[in-house]
Amino acid sequence: MTLEQWLRQSALPKNEARMLLQYISGYSRVQLITQGDAEMPSEMAAKLAVVAQRRLNGEPMAYILGEREFYGRMFAVNRNVLIPRPETEHLVEAAMARLPQGGRVWDLGTGSGAIAATIALERPDAQVRASDISSGALVIAKMNAQNLNASVEFASGPWFDVDRPSEPYNYDVIVSNPPYIEADDEHLLQGDLRFEPQRALTDFSDGLSGIRELAAGAPKYLKSGGWLLLEHGCNQGEAARRILTANGFAQVETLPDLAGLDRITLGQRLA
């Protein structure tokens, strides 16, 4: 079987089949075109059969390929971390817009490190910290920061209870994309979410416990005038605003994503 024949016979969408063939063969897209009549080695065919079946079983392409683009850069991913999504780019932009020159930012629940590394690279004047409760996630986040030459300080632990404690009132921006899917949400059993780490997706409760903890704990670590920014579900804007307001934040508002859906709620610590 030739490379072109495999592409034509694959049960996958053509673009996905081509991506997997490039991944296994190491060929560029141009090479697949110019060398499409080349015979496929049996070892390559065996490897392709494995990854193609993984995709047919629903496993996300990002986990099979081991990477996903975010803010114009490639980030390594595996099943220890959520797959970075375009909606989270809005969170990064909103955080940078409120980060003063030479400011300090803390990304809690960093996962792949996409938020922290992106801010560090886009704003080299800033001091960036990232933390996560998952040791597996921190391995990926540290690798991404190293591969991208992003200056990020890492800490391990749940929310603000980390192994490298921080001084109070030390941050200009605290940012997080916490688990916000409700425990009984049917989407957890569908699509890519079936393969992603559940504790990074849901709080196994009403989807708001992470937002509550972050809103309650952030004032201790934010400077006067500092900002808390949280990504959340499209139906959680009103609840997130209530939580931030109840914890003393001012200038509370919810920002939409490109689809016009509620996506980021933020507030400022004034006292």
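Numbering-wise, the sequence shown is residues 79 to 349 according to our numbering.
Backbone N, C-alpha and C fix where the C-beta goes; we use that ideal spot for every residue, glycine too.
Taking 6 Å as the limit between beta carbons, can you name the residues of its chain near residue i, skipping five residues before and five after?
i           : result
residue 238 : 295
residue 160 : 189, 274, 278
residue 347 : 297, 300, 304
residue 185 : 193, 194, 208, 253
residue 281 : 257, 287, 288
My guess is that residue i and residue j are in contact by the Cβ rule of under 8 Å, so how many angstroms apart are they, rounded?
i           : j           : result
residue 363 : residue 315 : A question about residue 363 goes unanswered here, because the residues of the chain that appear run from 79 up to 349.
residue 306 : residue 322 : 7 Å
residue 255 : residue 215 : Contact flag wrong, Cβ pair sits at about 12 Å.
residue 206 : residue 230 : 5 Å
Determine the extent of the beta strand (DSSP E) in which residue i is found, giving its start and end residues.
i           : result
residue 231 : 230-234
residue 346 : 340-346
residue 209 : 205-210
residue 183 : 182-186
residue 146 : 145-148
For residue i, I'd like the list of residues in its chain whose CB is within less than 8 Å of its CB, leaving aside the five on either flank, ordered along the chain.
i           : result
residue 84  : 95, 99, 118, 123, 126
residue 225 : 154
If you drop the 5 nearest sequence neighbours on each side, which residues of the same chain put their C-beta closer than 7 Å to that of residue i?
i           : result
residue 116 : 80, 81
residue 110 : 81, 96, 99, 100
residue 177 : 183, 201, 204, 250, 251
residue 156 : 141, 144, 218
Roughly how many angstroms separate the alpha carbons of residue i and residue j, rounded to a whole number?
i           : j           : result
residue 331 : residue 319 : 7 Å
residue 91  : residue 134 : 10 Å
residue 213 : residue 183 : 21 Å
residue 120 : residue 210 : 42 Å
residue 233 : residue 289 : 20 Å
residue 335 : residue 313 : 12 Å
residue 172 : residue 327 : 17 Å
residue 97  : residue 248 : 45 Å
residue 181 : residue 204 : 5 Å
residue 146 : residue 107 : 18 Å
How far does the alpha helix (DSSP H) with residue i in it reach, from first residue to last?
i           : result
residue 213 : 213-225
residue 175 : 164-175
residue 199 : 192-200
TODO: May I have a chain-ordered list of the alpha helix (DSSP H) segments no shorter than 4 residues that lie completely inside the segment 243-331?
DONE: 276-279, 287-295, 315-324
- [ ] Would you list, in sequence order, the uninterrupted alpha helix (DSSP H) runs of no fewer than 4 residues that lie entirely inside the segment 80-114?
- [x] 81-87, 92-103, 107-112
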